[in-house]
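Worksheet: one structure, shown below.
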């Protein structure tokens, strides 16, 4: 196992392409939990896998606020001055 660096984080684990492909779901789970990996081929780094630098926003749930939001009865009504201005332009 690698030693932590001065910030307390372990350096990324190096994985060959074949090992990554055969165990992708497990490595993605570990990345979600904070682990980082370097994907290599013939000792050349091809890709980095790490958790996102900013938190991922939770997925939107349509209808989650149903019944909690109320619109005023006159929500769609135009103020009288705006309505008058529009009628003057149309006429």
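Residue numbers (my numbering): 992 to 1082.
Glycine is no exception: its CB is placed at the ideal position from the N, C-alpha and C atoms.
Subject >> Assigned exposure category for residue 1030 - 16 Cβ within 10 Å defines buried >> reply: Residue 1030 comes out buried.
Original post:
residue 1062: buried (16+ other C-beta within 10 angstroms of its C-beta) or exposed?
Top reply: Counting Cβ neighbours within 10 Å, residue 1062 comes out exposed, since fewer than 16 surround it.
**OP:** With residue 1056 as the anchor, note down where its alpha helix (DSSP H) starts and where it stops.
**Re:** It is not in any alpha helix (DSSP H) - residue 1056 carries neither H nor E in the DSSP assignment.
Subject >> Three-state secondary structure assigned by DSSP to residue 1011 >> reply: Here residue 1011 sits in helix by DSSP.
Subject >> residue 1041 beta carbon less than 9 angstroms from that of residue 1027 >> reply: yes
**OP:** Assign residue 1050 to one of three DSSP states: helix, strand, or coil.
**Re:** coil
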